[in-house]
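*Asks:*
2 protein chains.
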Amino acid sequence: MPRPRSLTPDQLASAALAVLDRDGLAGLTMRAVATQLRMSTMGLYRYVTDRAELEALVVELVFGTVDPTPPTGQADWRDRIRIMVHRVRRAVDAHPAVVPLTVAHRHTSVSLLRWSETVLGILTEAGLDGGRRVIALRGLLSYLVGAIQLEHLGALAGPGTGVIAGLPPDEFPHLGETAQYARRIEPAEEFDGGLDIVLRGLADPVAPADPE
Amino acid sequence: MPRPRSLTPDQLASAALAVLDRDGLAGLTMRAVATQLRMSTMGLYRYVTDRAELEALVVELVFGTVDPTPPTGQADWRDRIRIMVHRVRRAVDAHPAVVPLTVAHRHTSVSLLRWSETVLGILTEAGLDGGRRVIALRGLLSYLVGAIQLEHLGALAGPGTGVIAGLPPDEFPHLGETAQYARRIEPAEEFDGGLDIVLRGLADPVAPADPE
DNA sequence: CTCGTAGGCGTACAACGTACTCCTAAAATC
DNA sequence: GATTTTAGGAGTACGTTGTACGCCTACGAG
């Protein structure tokens with residue numbers, strides 16, 4: 001009976017994401033998104049009640065590109081988790097400005113819930129259950145969230161390589177030396193290295209020896 | 001020759017932190033901080049050039065309460081790192097609203113650099129060096145940053161226990177079951193459990209067996 | 001004394017999110 | 001085809017934010 005909506009939430013989110021990619025987080029205003037859609041500012045409020053809701057749509061759009069199906073062809077559960085984690089990183093990397101939004105709206109994303117479901121399945125196959133599985137998932141998520149943010153908001157490798165350069169070397173001997181190494185490490189290598197640490201730690205502490 | 005400043009950066013930061021604790025992040029405005037200090041809004045700009053600079057002062061104030069000296073009396077390096085990590089968590093926990101700010105201004109905090117220096121020292125004693133040490137520090141920081149945020153911004157345990165309740169159980173079997181467990185786990189237990197994962201993973205992969 | 005800088009106030013502006021109102025357009029019902 | 005129901009969309013306006021700017025005053029060193 002009513003007139004059909006002429007804009008899908010997806011189109012809305014795409015427009016907002018386009019603005020976000022072009023002008024960054026500070027440029028993501030209701031007016032800018034409205035202009036992008038060639039409509040008046042207030043027209044947006046026909047589709048969202050809030051700026052927050054718009055943000056959530058953008059986050060969902062980004063996470064929506066994450067394939068939630070379990071990877072196949074990987075015997076080792078660690079490899080499968082690695083693939084799942086990489087899928088999220090790749091999705092977010094494609095739109096760096098979305099990073100701060102993902103943290104705030106993480107829990108509203110169905111796509112990320114699907115992702116969690118699959119990861120939980122893999123963890124289950126790995127022999128984890130109950131409380132241990134909760135903590136494993138949470139630990140993985142914590143690392144993922146933290147690592148992505150450090151990568152995009154944290155100047156350079158290490159805690160701000162630039163700042164470290166102008167530091168009294170006698171007070172910060174390790175930091176100075178570490179910065180030298182940090183400069184040569186690619187972000188991807190750093191990310192994977194950290195992920196390896198977490199994955200190693202996830203192995204059953206009762207039977208730390210790998211089947212390989 | 002000039003008139004001395006009548007307000008130290010520390011007093012400024014304390015006032016801002018008081019506002020932050022009382023009114024939350026949204027309440028932290030230049031006007032609110034000025035009122036807290038019983039001065040005009042623009043008077044603040046005698047001390048900071050920016051709102052961002054004010055935020056950085058607050059973050060530094062919070063991190064300044066973290067004891068950067070290496071813990072003594074702990075034979076195992078893992079226990080010493082645990083203590084260092086807990087110090088940061090405690091400091092941030094005392095002012096939850098500061099969490100979003102810590103991420104943005106993390107790299108400007110000298111206190112956090114001191115903390116990193118100490119942690120690097122411990123990692124060195126643990127036998128890590130070069131690139132492995134960089135990645136270890138970065139991995140620890142990633143987990144720390146992520147875990148603290150999940151704890152404070154992530155509704156409940158697991159990725160939003162509330163949302164999960166209204167989810168089709170046949171599509172999310174693991175998530176539903178996991179949520180049951182998650183509800184019973186204390187945040188501290190979750191945090192420590194995740195930290196244990198990282199610490200286990202930090203152990204030399206060439207010699208995974210613990211001395212114990 | 002006086003000079004240079006900090007202290008501090010008040011005004012003003014641009015940009016933001018968004019509440020509200022008014023009119024038009026189009027599909028479903030009769 | 002007329003009527004009804006809802007979405008579409010524009011325009012105006014308000015409160016709040018950060019902050020640029022200008023103006024005096026207070027004070028300590030020379």
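Here the protein sequences come in this chain order: A and B.
Sequential numbering of the first sequence, starting at 1, is according to our numbering.
Sequential numbering of the second sequence, starting at 1, is according to our numbering.
Virtual Cβ for every residue (Gly too), placed ideally from N, Cα, C.
1. Can you grab the Cα-Cα spacing for the pair F172 (chain A) / H107 (chain B), in whole Å?
2. Does any C-beta atom of chain B lie closer than 8 Å to the C-beta of F63 (chain A)?
3. Could you tell me whether the Cβ of H174 (chain A) comes closer than 8 Å to any Cβ of chain B?
4. State the start and end residues of the unbroken alpha helix (DSSP H) segment that holds M30 (chain A).
5. Where does D186 (chain A) sit, in a helix, a strand or coil, going by DSSP?
6. Report, in whole angstroms, the separation of the C-beta atoms of H95 (chain B) and L7 (chain B), which I expect to be a contact under 8 Å.
7. Just to make sure I have the definition right: I need the residues of chain A whose C-beta is within less than 9 Å of the C-beta of A136 (chain B). Which are they?
8. Should E125 (chain A) go down as buried or exposed, given a rule of 16 or more other Cβ atoms within 10 Å for buried?
9. So within the stretch 75 to 136 of chain A, which uninterrupted alpha helix (DSSP H) runs reach at least 4 residues, ignoring any that extend past its ends?
10. Would you kindly work out how many angstroms separate the C-alpha atoms of P168 (chain A) and E117 (chain B), rounded to a whole number?
11. Roughly how many angstroms lie between the CA atoms of E177 (chain A) and L202 (chain B), to the nearest whole one?
12. Quick one: list the residues of chain A neighbouring V145 (chain B), beta-carbon separation under 7 Å, in chain order.
13. DSSP three-state label for F172 (chain B), please.
14. So what does DSSP say about G193 (chain B), is it helix, strand or coil?
15. Should E186 (chain A) be labelled buried (16 or more other beta-carbon atoms within 10 Å of its own) or exposed?
16. Mind listing the chain A neighbours of E190 (chain B)? Cutoff is C-beta to C-beta under 7 Å, in chain order.
17. What's the C-alpha gap between L156 (chain B) and L175 (chain B)?
18. What are the boundary residues of the alpha helix (DSSP H) that includes S14 (chain B)?
*Replies:* The short version:
1. 15 Å
2. F63 (chain A) does not count as touching chain B.
3. yes
4. Per DSSP, M30 (chain A) is one residue of the alpha helix (DSSP H) stretching across 30 to 36.
5. For the record, residue 186 (chain A) in the displayed sequence is Glu; it is not Asp. E186 (chain A) falls in the coil class under three-state DSSP.
6. So it is not a contact: roughly 21 Å between Cβ atoms.
7. G193, G194, I197
8. exposed
9. 77 to 93, 99 to 105, 110 to 125
10. Taken atom to atom, the span from the alpha-carbon of P168 (chain A) to that of E117 (chain B) is near 12 Å.
11. 20 Å
12. G146, Q149, L150
13. Annotated three-state conformation of F172 (chain B) is coil, per DSSP.
14. helix
15. exposed
16. I135, R138
17. With a pLDDT of only 46 at L156 (chain B), under 50, the local geometry of the prediction cannot be trusted, and the value read off the model is given with reservation. Taking the straight line from one Cα to the other gives about 14 Å.
18. 9 to 27
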